[in-house]
Every structure is written in C-alpha cells, then in structure tokens.
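Here's the structure we're looking at; comments come further down.
There are 4 protein chains.
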Amino acid sequence: MKEIKISIAGASGITGIELIKILDRHKHSKIISALSRTYEGKEISKAFKNILSLKNNKKIYFKSFFSKSDIQDSDLIFLCLPPGKSMEYTKYLMENGYNGKIIDIGSDFRLNNADDYEEWYGEKHILKEMLPKFVYGLPELNKEAIKNADYLANPGCYPTSIILALAPIIDLKSLKFNSITIDSKSGVSGAGRKLKDEYLFLNIADNFFAYSPLKHRHIPEIEQELSKISGSENKISFTPHLLPINRGIFTSIYLNGVNIGEIKELKDKINDSFNNFYRNEAFIKLIDDDIPKISNVSGTNSMHISFLIDCRTSAIKIFSAIDNILKGAAGQAVQNMNLMFGLNETEGLDMQGISN
Amino acid sequence: MKEIKISIAGASGITGIELIKILDRHKHSKIISALSRTYEGKEISKAFKNILSLKNNKKIYFKSFFSKSDIQDSDLIFLCLPPGKSMEYTKYLMENGYNGKIIDIGSDFRLNNADDYEEWYGEKHILKEMLPKFVYGLPELNKEAIKNADYLANPGCYPTSIILALAPIIDLKSLKFNSITIDSKSGVSGAGRKLKDEYLFLNIADNFFAYSPLKHRHIPEIEQELSKISGSENKISFTPHLLPINRGIFTSIYLNGVNIGEIKELKDKINDSFNNFYRNEAFIKLIDDDIPKISNVSGTNSMHISFLIDCRTSAIKIFSAIDNILKGAAGQAVQNMNLMFGLNETEGLDMQGISN
Amino acid sequence: MKEIKISIAGASGITGIELIKILDRHKHSKIISALSRTYEGKEISKAFKNILSLKNNKKIYFKSFFSKSDIQDSDLIFLCLPPGKSMEYTKYLMENGYNGKIIDIGSDFRLNNADDYEEWYGEKHILKEMLPKFVYGLPELNKEAIKNADYLANPGCYPTSIILALAPIIDLKSLKFNSITIDSKSGVSGAGRKLKDEYLFLNIADNFFAYSPLKHRHIPEIEQELSKISGSENKISFTPHLLPINRGIFTSIYLNGVNIGEIKELKDKINDSFNNFYRNEAFIKLIDDDIPKISNVSGTNSMHISFLIDCRTSAIKIFSAIDNILKGAAGQAVQNMNLMFGLNETEGLDMQGISN
Amino acid sequence: MKEIKISIAGASGITGIELIKILDRHKHSKIISALSRTYEGKEISKAFKNILSLKNNKKIYFKSFFSKSDIQDSDLIFLCLPPGKSMEYTKYLMENGYNGKIIDIGSDFRLNNADDYEEWYGEKHILKEMLPKFVYGLPELNKEAIKNADYLANPGCYPTSIILALAPIIDLKSLKFNSITIDSKSGVSGAGRKLKDEYLFLNIADNFFAYSPLKHRHIPEIEQELSKISGSENKISFTPHLLPINRGIFTSIYLNGVNIGEIKELKDKINDSFNNFYRNEAFIKLIDDDIPKISNVSGTNSMHISFLIDCRTSAIKIFSAIDNILKGAAGQAVQNMNLMFGLNETEGLDMQGISN
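Protein chains in written order, with the numbering used here: chain Y, 1 to 356; chain B, 1 to 356; chain E, 1 to 356; chain R, 1 to 356.
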C-alpha cells in the first residue's frame with residue numbers, strides 16, 4: 001500500500017494537533033504540509049512539546065499557505081477550520097486545481113440544505129453546489145457512501161454522541177414516542193483553544209452550567225440525520241452543558257411518552273436492533289451491565305452506549321460516552337480516511353484509554 | 001433572645017460538620033452535645049482541622065451517646081443519619097422523654113405515606129405514627145407550617161433543587177404539558193464520606209456518568225411535593241449524574257409538550273408566578289439575563305433559577321443551581337431552625353460564595 | 001464604635017471582590033465607593049453573581065473614578081492595583097488632599113529601599129518619600145507598628161506563607177545553617193483574572209510546573225523581612241509553582257546544613273520559639289501531629305505550620321499552608337484594618353473552611 | 001522475530017493494567033497469563049472497560065495462580081506487586097523451575113544491600129542471594145547490563161524522575177556543592193488503587209500537601225544510584241507531595257552551595273554532559289527554552305528536563321517531568337523488556353501525549 005500524502009489546514013487547533021498525533025502512528029500516511037498562522041515557521045514539537053517526542057520522527061514546520069506543490073501532491077486535505085472558513089478554503093482549492101480528496105472536520109458541509117446553514121450559522125453559504133458532493137461521515141451508519149466519497153463532512157462531536165446512540169432505536173418503526181429530550185455534557189476541549197474569560201481555569205474548575213440552551217448549531221445536523229433514519233421528521237430538545245474536565249462528552253437521551261408495551265419484548269427488540277447496526281463495528285460497544293463513563297472512552301476512538309426502559313414514566317433513557325476530540329472529531333476523521341482509501345478502518349486508531 | 005441549646009446526632013458526617021460550622025457563627029445557638037462514633041473523645045478541631053480554627057472558640061468533644069442531661073436540656077436535636085437510623089433515633093428520644101424539637105436531615109420522615117417509604121427504601125417504617133407530625137421543610141413553600149413545627153423533615157438535596165424551581169410553573173393551572181424530564185448533576189459530597197472505590201479520586205477526576213437511573217430514592221419525595229402544588233399527580237423522569245467537583249447541584253428540568261401559545265404572554269405569566277412565590281425570599285434569585293452556575297452559589301445558602309421557553313420544540317427548560325451541602329442540607333436545616341424558633345430566617349446564613 | 005467609611009480602588013479583581021465579601025460581614029465598616037473600569041456602572045451583584053446574594057444588602061455600583069466626596073469622606077482607602085499603579089494612585093490621593101488611611105494590597109510600598117524596587121520591578125519609584133511612612137503589614141510580627149500606622153503595605157501571598165513560617169526559627173540566634181531553599185506551590189487565583197493562554201482550563205487542569213524560577217518579585221520582600229528578624233542578611237533560593245486548583249499556597253521550606261546537635265533539645269527550642277511568637281495569635285496554628293494541608297485553611301484567614309528535623313541530612317523542613325486570597329491578601333488586609341482602627345483583630349474574619 | 005510469551009503477576013493494579021495496554025500494541029509480545037485475585041475469572045475488558053475496546057483483540061481472563069504451563073512457557077514474567085511480595089513470588093517461581101526472565105516492577109530487588117532493604121522496608125529480605133543477579137533498570141544509564149540481564153529491578157517512579165535528571169550533573173567531578181534538596185510532586189495514581197480515606201476525591205481535589213517527609217522508601221534507592229555515578233556518597237533531602245491530578249511527577253531538584261564560577265562555562269559544561277548522556281536517547285528531552293510541564297509528558301514514556309543556574313544564591317535548579325505510570329513504571333518496564341530481548345528500545349512505546 002502506498003502512502004497517503006496529506007495536508008492539513010488549521011493544524012494547530014486542538015483537532016489539528018490530535019489529527020497529527022494519530023497520523024504519526026498511522027502506517028500509511030505522510031503529512032506533507034501543515035498550516036498554522038499562529039505558529040508559522042515553528043517546528044511542531046517545539047510549539048507543542050507534548051507531541052512527537054520520539055526523536056526519530058520526521059520534523060514538521062508549520063506554514064501559512066499551501067504551496068502549489070502541496071496542492072498538486074496531496075491525496076487528501078483535512079480542513080480543521082471554524083464555521084465559514086471551510087467553504088472559503090474549499091473554494092480556493094477548487095479554483096487552484098486541487099483534485100484530491102477533502103475531509104472537512106468543520107461544519108460547512110454537514111447540512112444538506114444551504115438554507116438551514118444560513119439560518120443556523122447566520123451567513124451565506126458560498127459553495128452550495130458542492131453540498132451534494134459531501135458525504136456525511138458517520139462510518140457506522142454510512143459506510144458504503146463513505147468508501148466512495150471524494151468529499152466528506154466529518155460530524156460534529158455532539159451529533160456523533162447522539163445520532164449513533166439513537167439510530168438503532170428510532171429505526172424501530174413500531175416504536176412511538178412523544179418527544180426527544182437530550183442533555184449533553186462536554187469537556188472544555190470542545191471549545192478549542194479560544195482565549196475567552198469563560199474558559200479560564202478560574203471559571204471552569206469546581207463549576208458546571210448549561211450554555212446555548214435554545215439555538216445550538218448542532219441541532220439541525222442532528223435532526224437532519226435522525227430524520228433520514230426514522231423516515232419522518234424528528235425534532236429534538238437539545239441542551240449542552242460544560243464539564244470541568246478536558247476531554248469527553250456524556251449524553252443523556254430521554255424518549256418521552258413511549259408505547260412501551262411488554263418491557264422484555266421491547267428490550268429484546270432494541271438489543272436486536274443495536275446488534276444489527278453495530279455487530280461488526282470495532283468502535284461501538286453496547287454496555288449491558290452498567291452505564292457508560294467518560295473515563296472508559298477518553299483517549300480512544302470508542303463509543304459506549306447503554307439504554308434503560310423506565311416503565312413507571314413511559315420513558316427510554318439512553319446514555320452515551322465518547323472522547324469528543326477522537327470519536328467526536330480527529331479520530332472519526334481518520335476512520336473516514338481509512339474507509340475512503342480502502343484501508344483497515346481501525347488503522348492508527350488502536351489507542352488505549354488514558355484513565356487508570 | 002435566649003440561646004437555643006442544640007445536640008447533633010451524626011455530627012462528623014459532611015452535613016454534620018457543615019452544620020457545626022454554621023452554628024459556630026450563629027448568634028443564638030449553642031451546641032451542647034455532638035455525637036460521632038468514629039471520632040469519640042476527639043476534640044472537633046483536632047479531628048477536622050479545617051474548622052473552628054479561631055482559638056477563642058469553645059471546644060467540642062465528640063461522644064458516642066447523648067447523656068440524660070443532653071436529652072433533658074436540648075431545645076433542638078439535629079439528626080444527620082443514614083436512612084433507617086433517624087427513625088430509630090427518634091424512637092429512642094421519644095422513649096427517653098425528650099420534649100424538645102427535632103430536625104431530621106435524613107430521609108425517614110419526608111414521605112407522608114409509610115408504604116412509599118417501604119417501597120422505595122426497602123425497609124419497614126418503625127414510627128409511622130410520627131409521620132403526620134413531621135413538617136416538610138422547604139421554607140419558601142411551607143413557611144407557616146414550619147414556624148409552628150416541632151418535628152421537621154429537612155428535604156433532600158435533589159428535591160430542593162427541583163421542587164423550588166418547578167413550583168411557580170406547575171402552579172399555573174392553565175399550563176398543560178405531557179411530561180417532566182429531570183437531569184441532575186451533583187458534586188461528590190452528596191455521597192458523604194463513604195469509603196467506596198467509586199468515590200476515589202482516580203475514579204471521579206476527569207470523569208462523568210449517570211447513576212441510579214431508574215429508582216433513585218428522591219423520586220417519591222419530589223413527586224409527593226409537586227403533586228401538592230399542582231393539585232394533581234405529577235410523575236417525573238429523574239436521572240442523577242456525578243460531577244467531578246466537591247460541591248454543588250445543577251439541575252436541568254424539561255417540561256415537554258407544552259401548550260405554549262403566545263410566548264411573551266407565557267413568559268410574563270411565569271415571571272409573575274416566580275415573583276409571587278419568591279419576591280420576599282432572601283435565598284431565591286431568578287436569573288433573567290443568564291443561566292445559573294454552580295460557582296455562583298457554592299458556599300452559600302442561595303438558589304439560582306432561570307427558565308427559557310423553546311417554541312421550536314414546545315418545551316420549557318428550567319435550570320437551577322444550589323450548594324448541595326448548604327441549601328441542599330445543613331444550610332436549609334438552619335433556615336428551618338430559625339423559623340421554628342422565631343428568629344430572623346437568614347441568621348447564621350450570610351456566607352458569601354467561595355468562588356473567585 | 002462608629003462605622004469606618006471605606007473606598008476601594010481596583011475593586012473588581014479577585015482581591016477586591018474578596019475584600020468586598022469580607023467587608024459585607026464586617027460589623028464596623030461601610031463601603032462608600034468601589035472602582036472598576038471594566039464594570040463601570042454595573043451593580044456588583046449583577047457583575048459577580050456569587051456575592052451579595054442576600055436581597056437585603058445595600059447595592060454597590062462600580063464607578064471609574066473617586067468623586068471629591070469619596071476622597072473627603074473616606075476613613076480608609078484600599079488599593080488593589082498592579083505594580084506601579086499603587087504609587088500613582090497614592091500620589092493622586094495625596095495631591096487631592098486625602099487625609100485618611102491607606103492599605104496598599106499591591107506591591108509598591110513593600111520594599112523599604114527604592115533601589116530594590118527599581119531593580120526587581122524594572123521601573124522608577126515615583127513616591128520614594130512615602131516609603132518610610134508605609135508599615136509592612138504582617139500583624140503577627142509587627143502588631144504595634146500596625147496599630148499606629150496611617151499607611152500600610154500589605155504583604156505578598158508567598159512572603160506571608162514564608163516569613164511567618166520561618167520567623168520563629170531564624171530568630172534562634174544559636175541556630176546555624178548553610179542555605180534556605182524554598183519551594184512554593186500556588187493555586188491559579190494568585191494570577192488574578194488575567195486573560196492569558198497559560199491560565200486557560202486546558203493548560204492548567206491535569207498539569208503542574210514551576211515558573212519564574214530565577215527572579216520572582218517576592219524575593220527581595222522575603223529577604224528584607226527575614227533579615228530584620230535574624231539580624232543578618234538572609235538569601236533565599238525561591239521557586240514558585242502553579243497548582244491545578246483555585247485557592248491556596250503550600251510552601252515547603254528547607255534549611256540545609258543545620259547544626260542540629262541534640263534533636264530533642266532543638267525541637268523544644270523551636271517549639272518554644274513558635275509559642276513565644278504566636279501563643280496569642282488567633283490565625284496561626286502550629287500543627288504538631290500532622291502536616292498542613294491546603295484544604296484545612298482554604299476559605300479561612302488561618303495559617304497552618306509544621307516543622308520536622310531531619311538528622312540524616314542535617315536539614316529542617318518547614319511546611320505552611322494559607323489561603324492565598326485571604327491570609328495572603330484580602331483577609332490579612334482586613335486584619336490590618338482592624339488593628340489600625342482599634343478593633344478586634346478577628347472582626348469579619350470568622351469564616352470557616354470551605355472543604356468538606 | 002518470534003513472540004515473547006509473557007505472564008503478569010499483579011495484573012489488575014494500575015501498573016499491571018497499563019502494562020497490558022502497552023503490550024496490546026507491542027508487535028512482538030503475547031500475554032499468556034494475567035493474575036488478579038480481585039478479578040479472578042473476569043474477562044479483562046469487562047473488569048476494565050477502558051481497555052481493549054477494539055473487538056478484534058484476543059480476550060484475557062484473570063486468574064489467581066499461574067498454571068504449570070504458564071511457568072514453563074513464559075519467556076518473561078512481570079511482577080507488579082507490593083513490597084515483600086515480589087521476593088516471595090520470585091522464590092516461588094525459582095522453586096518451581098521457572099527459567100525465563102523476570103522484570104520486577106516492585107521494590108524488592110532495587111537495593112543492592114539487604115540491610116538497606118531491612119532498614120527502610122522494615123522486614124527481612126528472604127532472597128538475598130538473588131540480589132546481585134538483579135540489574136537496576138534505568139536504560140539510559142545502564143543499557144549494556146540491561147541487555148544481558150535475566151533479572152531486572154525496574155526503578156521507582158520518584159527515583160526515575162530524580163536520578164536521570166541529576167546524573168549528567170553529579171557526573172561532573174569538578175562541580176562542588178553542599179547539599180541536594182529534592183521536592184517532588186506526584187499525581188495520586190502513584191498510590192495505586194488503595195481504598196483509603198486519604199485518596200477519596202473529597203480529600204484530594206482542591207488540595208495539596210507533603211507526605212512521608214522524613215523516611216520515604218525511595219530515598220536509599222536514589223542515594224545508591226547517585227553514589228554509583230558520582231563515585232562518592234550522596235545524601236539527599238527528599239520530600240514527596242501529592243498533586244490533585246491522576247498522572248505525572250514533577251520534581252524540583254536544588255543543588256545548594258555550588259562553586260558556580262563563570263556561569264557561561266558551567267552552563268556549557270552541563271549542556272555537554274547532558275548531550276553525552278542522552279544524545280541518542282529517544283525518551284529524554286532537555287528543554288532549553290522553557291520549564292518541563294507534566295502535561296507535556298503525561299501519556300508518554302518521555303522525560304523532560306531543564307536546568308538553571310542561580311548565581312545570586314549559588315544554586316543549580318533542575319526540573320523534571322515524567323508520567324509516573326509510564327516512564328515511572330510500566331513504560332520503562334517495557335523499555336527494559338525491549339532491551340533484554342534485543343528489540344528496538346521504543347517498540348510499543350510510541351504513545352503521544354494525552355493533553356490538548
């Protein structure tokens with residue numbers, strides 16, 4: 001297998017750095033170019049002393065722009081850019097004759113409908129014609145399309161934690177319910193390295209609170225993908241919260257007003273559905289004897305899910321845990337890359353958990 | 001005003017110690033006896049070096065049993081005991097001629113119905129005849145009864161964070177909704193000083209997870225009190241989670257399937273109701289420009305509440321934050337004591353927040 | 001006792017806010033003016049929701065400048081300002097006829113010698129003539145001078161944790177040693193609310209490191225005060241470190257090359273000296289059966305100290321713990337205020353520890 | 001290269017589990033047996049949900065004793081056992097004809113002199129005759145001996161953080177100094193999974209303190225190895241402290257009373273010495289523009305070191321950071337295994353840091 005030649009835009013953000021860490025251990029990849037305006041000219045292990053500490057690694061120097069040869073030689077470009085910037089960059093690459101693949105870890109190509117983008121992100125979409133070419137990259141739900149994709153929209157962290165947990169359940173057409181309430185809790189790395197008062201240690205440690213309680217930008221993405229699975233429109237009440245930890249998302253999903261019927265039967269039905277969806281998936285684990293914990297997935301590309309049926313209140317409770325930087329961003333991006341290039345889906349992703 | 005002579009059973013647990021800290025600053029109280037089997041014979045500031053550090057304070061030595069004179073002289077006994085032990089202790093006090101007041105910070109006298117106790121706590125109630133004499137101690141909802149109470153059941157920490165936040169809303173008889181979903185997050189001090197693997201630093205730091213997702217013992221207490229306010233039966237779907245911090249509870253409450261109607265009108269109606277309920281309450285603050293944060297209440301007896309109407313999903317979201325050890329336990333107990341003895345309700349409770 | 005009328009410059013920093021919290025509970029003080037450019041016009045409990053949550057408190061609105069009447073009416077002005085700003089402000093107050101007292105919680109008047117200031121702070125001292133009028137405010141060492149002071153330089157947080165721990169030992173003229181090595185560890189609140197990358201949660205949590213290892217500005221202050229006690233010049237090797245917590249300083253002091261002699265005798269001598277120094281001090285506690293812990297002092301104005309004699313290496317080890325914001329800043333400032341105004345030294349400072 | 005067949009005693013402690021995680025990614029190793037009384041019969045990824053989450057991994061079931069074939073077939077046995085247990089186990093293995101290699105991650109074979117063991121560990125050494133056969137496993141100082149070793153004593157975590165940082169400096173025979181003061185700070189994982197009050201989240205979070213300030217068991221090990229390098233006896237004043245984080249050791253070393261001479265010259269000399277010692281070492285990094293941080297090494301087998309010369313106080317300050325579970329335990333053990341079996345020293349140890 002030849003090496004995949006890779007360039008990265010937005011390489012010094014949290015996702016970009018995590019991506020570089022993974023690719024450093026990936027057998028079939030080679031980073032040829034990494035962009036960062038902040039660290040232009042700096043060697044990566046000088047700027048980020050926690051990575052590439054093995055002396056025999058090749059050196060990467062950040063630069064500000066891709067050279068012509070970067071664009072010509074790259075088999076794959078990762079975009080780790082804020083809203084609005086991915087489409088600008090994609091436009092630029094198209095105009096400069098780039099003909100490799102793109103994985104956008106940003107949010108510009110996740111919504112199929114440009115109007116939704118404009119409503120939720122508050123700005124014009126400047127590359128609507130490319131939207132249909134971007135495949136939504138949840139490998140466990142969309143594997144064949146991903147294998148054939150040239151352009152891939154890597155899912156948001158919250159949507160990953162939600163859609164994969166709900167898919168096997170809302171796929172059950174016989175299951176009826178009144179509403180979906182989702183309460184997610186994320187570590188602060190989800191906000192990247194933003195230098196804002198609210199992300200100071202002083203304001204996060206020993207603290208907890210909800211944020212963006214009405215209009216979080218991940219909502220239309222979640223509803224779009226859920227509706228594809230259920231075949232009808234799904235509205236979700238979604239509330240994110242900030243945890244005083246660095247990594248991890250724990251999501252609690254509540255299906256309310258469920259026609260539970262015979263509990264044993266429903267339980268079997270849901271278990272079967274999970275089996276059908278994820279039996280052969282390396283990164284999804286249905287926890288049947290416990291509840292997922294962030295510590296059990298942090299540092300890995302795994303997702304843990306469990307569900308419970310609450311007869312007393314006619315509700316189903318579903319819990320999921322992921323590492324927001326890995327399965328929720330850079331890890332899933334490499335998983336998608338592996339599929340797009342015909343590699344083993346788990347290549348480079350055999351990290352063990354970091355907790356003790 | 002004369003001094004209230006106070007004895008405490010279970011004085012070395014987290015709640016007991018916090019109670020002692022508050023009473024140390026209370027103008028009209030005097031601790032005459034404090035029980036702790038673990039620390040029997042030890043002077044309190046030797047056993048707990050973080051308290052009573054001012055040298056001019058009187059010394060308290062823990063003992064294992066109340067003496068006859070303790071029982072005879074006490075105007076008030078606080079019980080800070082695990083489930084099943086408060087009723088045993090109350091029985092013992094009654095049989096030994098105690099005729100002062102009791103505040104039970106434990107859970108044995110919160111449920112009006114002994115059958116509920118037996119169902120949720122899994123053991124016989126041995127003092128059913130006393131249940132009607134215990135007043136449920138949420139001062140903001142139940143002030144007159146508390147003023148006249150001899151026996152008081154201090155509410156649980158989760159129930160406090162939920163009932164006070166919901167009361168002004170479910171009191172609106174015109175408001176209809178399908179279900180109530182409650183997602184609470186508590187600091188580890190809620191579990192007391194239990195020496196269990198799950199409470200080791202290793203297993204809590206950098207971690208987050210749900211627990212007791214189906215049958216938490218605070219559920220019947222919450223439903224009982226909510227139903228009294230709404231006048232009809234309220235079932236709640238309740239899920240507690242453990243935060244990697246010491247103090248504080250943040251609760252997210254979701255009313256689903258609400259007949260919202262004209263949003264401005266509903267908002268005014270709810271605001272008015274909060275005003276009616278809490279206008280004169282020193283410890284309740286409706287936050288109208290933000291969302292409550294644990295850091296804004298930890299170390300205080302205050303509760304912060306906010307609400308939002310989500311038209312898109314026909315939901316109302318209510319957020320509350322309290323310090324679980326203060327407003328959720330020892331602070332509220334002293335607030336109740338003040339009312340029961342005709343004192344200023346805020347006496348001893350003017351602590352400022354501990355965050356920076 | 002009449003009320004002390006107080007104005008505060010730099011009122012919205014961490015020290016300023018903590019000062020306001022303490023004064024709110026102080027029986028004989030009244031804040032008449034509080035300056036903050038950042039929060040100009042804002043009511044304090046709106047800007048800082050964790051304080052003054054009791055509704056019956058008077059309201060304070062931040063302003064940008066003292067009015068003429070503020071300057072005329074104040075009995076005491078606290079300066080909570082960064083290096084270089086306290087002297088500017090003091091100059092301004094003098095020029096505008098202020099004739100009350102000043103407590104500078106900043107660093108401009110701690111060094112007796114303007115040359116030292118210029119060497120360590122890197123700027124000219126513009127008010128050298130006032131230096132002799134400022135009394136160094138360590139109440140346990142300097143009480144009589146403080147009682148008579150009009151101008152007071154409140155000590156730095158590290159110096160407080162070091163000087164008080166060393167004083168009774170270096171006061172022993174018979175004790176000889178080769179060197180003093182000091183390793184201090186501080187919570188991040190020591191850096192105030194500075195918005196810098198290094199104080200983001202991401203960069204502090206799960207982390208630890210030394211900083212300013214050669215030239216920390218507290219060094220000359222420590223050496224100046226130690227030399228006054230020992231009567232000869234004391235040089236210290238001092239290294240501060242940053243802890244992933246909000247509050248507290250733990251200092252480890254090592255006297256190397258000590259002429260220990262008979263260990264029992266030396267131990268008694270040091271114990272006696274501690275007794276002589278601090279027997280009647282409300283805020284100093286010599287821990288004889290354990291080692292101080294930050295959790296035992298955080299939230300209080302107390303300082304815990306212990307010492308050990310290591311015969312094997314001819315060293316004495318001294319450990320101290322304080323709350324850097326209280327005994328290390330705002331608490332000590334109020335302690336000094338109490339002395340300067342003839343009040344009980346502990347007034348307003350009876351806070352209990354915040355740990356469980 | 002054939003597979004190394006490995007058995008592990010004490011496999012479910014923190015070090016044992018970390019070892020299993022590393023070996024899972026090691027190309028030339030196969031775990032044939034893992035002992036844990038606590039988890040006997042349990043499949044490892046059920047007992048520790050954070051590991052081996054990739055479904056295609058082989059399953060390991062914990063057992064209580066090695067079978068005959070385990071002992072016969074193992075090429076290498078790792079001992080992750082508490083003091084006193086490694087020698088018992090080694091004795092047992094010898095008596096049962098084991099003729100493979102042993103790496104003891106415990107402390108029983110680190111001290112060359114059985115008397116030292118008995119003095120510092122307080123019990124008889126039952127296998128003195130084996131002491132000379134155990135090679136002390138600091139690969140960067142002792143590589144050739146390790147390559148030829150059958151029995152290896154893996155260094156303690158504190159000694160690793162200290163000896164490697166000091167070796168190039170005390171090796172300079174022209175350097176004179178009066179004393180060595182060492183102040184180490186460790187994450188709580190250093191204490192393993194011990195269920196003790198002092199390791200509860202309540203007692204560690206927001207806290208910091210020193211422990212074992214006079215007689216920590218790592219002292220004789222450090223002095224023994226330093227003396228081998230310097231060629232004369234080195235006594236150290238060592239004080240460990242507990243950090244409120246899970247992983248990492250930061251050590252501050254102070255050489256006091258140094259004959260500094262011309263600073264530039266001394267600096268070059270030390271730099272040269274570091275170069276001579278570690279030029280070709282993959283895991284040691286001399287940080288020349290900054291100070292090491294725990295976040296830069298946690299999750300890796302790397303050690304970061306920096307040094308500073310303080311002319312003002314005639315001291316040299318040396319700082320080091322390691323991950324106590326990796327370079328301080330399981331990672332270094334695998335590094336030693338690689339050397340003992342003629343493999344690439346970094347095999348299985350290419351983990352990237354876990355911080356963001």
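Heads up, the beta-carbon is just placed ideally off N, CA and C, and yes, glycines get one too. Since the model is a prediction, treat every value here as computed from it, not as a measurement.
1) Beta strand (DSSP E) containing P240(E): first to last residue?
2) Please classify E43(R) as buried or exposed, where buried requires at least 16 other C-beta atoms within 10 Å of its C-beta.
3) In three-state terms, what does DSSP make of K194(Y)?
4) Could you name the residues of chain Y that R25(R) contacts, counting a contact when the two beta carbons are closer than 8 Å?
5) Could you give the first and the last residue of the continuous beta strand (DSSP E) run that contains K185(E)?
6) Specify, as a first and last residue, the run of the beta strand (DSSP E) that H218(E) falls within.
7) Helix, strand or coil: which one does DSSP assign to N142(E)?
8) D310(R) bridges to which residues according to DSSP?
9) S74(B) lies in the beta strand (DSSP E); which residues open and close that run?
10) Per DSSP, which residues does N50(R) bridge with? Please list them.
11) Pairing CB atoms from the segment 261-278 of chain R with CB atoms from the segment 224-239 of chain B, are three or more of them under 8 Å?
12) Start and end of the beta strand (DSSP E) containing K285(E)?
13) Are the beta-carbon atoms of N234(E) and I180(E) separated by less than 8 Å?
14) Using a Cβ-Cβ cut-off of less than 9 Å, list which residues of the segment 196-217 of chain Y approach chain E; keep chain order.
15) Should A329(E) and I146(E) be called a contact, given that it needs their Cβ atoms to be closer than 8 Å?
16) Give me the residue from T300(Y), K285(Y), N259(Y), K327(Y) with the minimum Cα distance to C311(Y).
17) Can the beta-carbon of A153(E) be found less than 8 Å from the beta-carbon of G137(E)?
18) Around the C-beta of L195(B), are 16 or more other C-beta atoms found within 10 angstroms, so that it is buried, or is it exposed?
19) Residues of chain R with CB under 7 Å from S189(B), in chain order?
20) Just mark S69(B) as buried or exposed, buried being the case when its beta carbon has 16 or more other beta carbons within 10 Å.
21) Measure from the alpha carbon of L370(R) to the alpha carbon of each residue in N356(E), Y278(E), N178(E), then state which is nearest.
22) For the pair the segment 313-321 of chain E and the segment 329-345 of chain B, tell me if three or more CB-CB distances fall below 8 Å.
23) Which parts of the segment 10-44 of chain R are runs of the beta strand (DSSP E), unbroken and 3 residues or longer, counting only runs that do not cross its ends?
24) Have a look at D116(R) and S252(R) and give me their C-alpha separation to the nearest angstrom.
25) At the level of alpha carbons, what is the spacing between G97(E) and S212(E)?
26) Determine, using beta carbons only, whether G74(R) and G41(R) come nearer to each other than 8 Å.
27) If we ignore side chains and look at the alpha-carbon of each, how far apart do R247(Y) and M130(E) end up?
28) Measure from the alpha carbon of R217(E) to the alpha carbon of each residue in C157(E), K124(E), F209(E), W120(E), then state which is nearest.
29) Assuming contact is defined by CB atoms lying nearer than 8 Å, are N207(R) and K293(E) in contact in what I supplied?
30) Taking Cβ-Cβ distances below 9 Å as the criterion, which residues of the segment 231-252 of chain E are in contact with chain Y?
31) Looking at the strands, I want to know which residues DSSP matches up with V334(E).
32) Flag R37(E) as yes if its beta-carbon sits less than 8 Å from any beta-carbon of chain Y, otherwise no.
33) Please name the residue or residues paired with I162(E) in a DSSP beta bridge.
34) Tell me which residue opens and which closes the alpha helix (DSSP H) that N301(E) is part of.
35) Please confirm whether I229(B) has its beta-carbon closer than 8 Å to some beta-carbon of chain Y.
36) Between which two residues does the beta strand (DSSP E) carrying A114(E) extend?
In short, the structure shows the following:
1) 236-242
2) Under this definition E43(R) is an exposed residue.
3) coil
4) D350, Q352
5) 179-186
6) Segment 218-230 is the alpha helix (DSSP H) holding H218(E); no beta strand (DSSP E) there.
7) helix
8) A315(R)
9) No beta strand (DSSP E) contains S74(B), which DSSP labels as neither H nor E.
10) In the DSSP output, where bridge partners are listed per residue, N50(R) has none listed.
11) no
12) K285(E) -> beta strand (DSSP E) spans 284-286.
13) yes
14) Taking 9 Å as the Cβ-Cβ cut-off against chain E, the residues of the segment 196-217 of chain Y that qualify are K196, D197, Y199, L200, F201, L202, N203, I204, A205, D206.
15) no
16) N259(Y)
17) A contact, by the Cβ cut-off of 8 Å.
18) Classification for L195(B): exposed.
19) L202
20) exposed
21) Nothing about residue 370(R) can be read from this structure; chain R reaches only from 1 to 356.
22) no
23) DSSP runs (the beta strand (DSSP E)) wholly in the segment 10-44 of chain R: 29-34.
24) 26 Å
25) So the two alpha carbons sit approximately 39 Å from each other.
26) Position check: residue 74(R) holds Ser in this sequence, whereas Gly was assumed. It is not a contact, given that the beta carbons lie outside the stated cut-off.
27) 52 Å
28) W120(E)
29) yes
30) P244, I245, N246
31) V334(E) is not bridged to any residue.
32) Output row for R37(E): interface = no.
33) Its beta-bridge partners do not exist; DSSP assigns none.
34) Premise fails: N301(E) is in no alpha helix (DSSP H) and is neither H nor E.
35) no
36) A114(E) -> not in any beta strand (DSSP E); alpha helix (DSSP H) instead, spanning 114-121.
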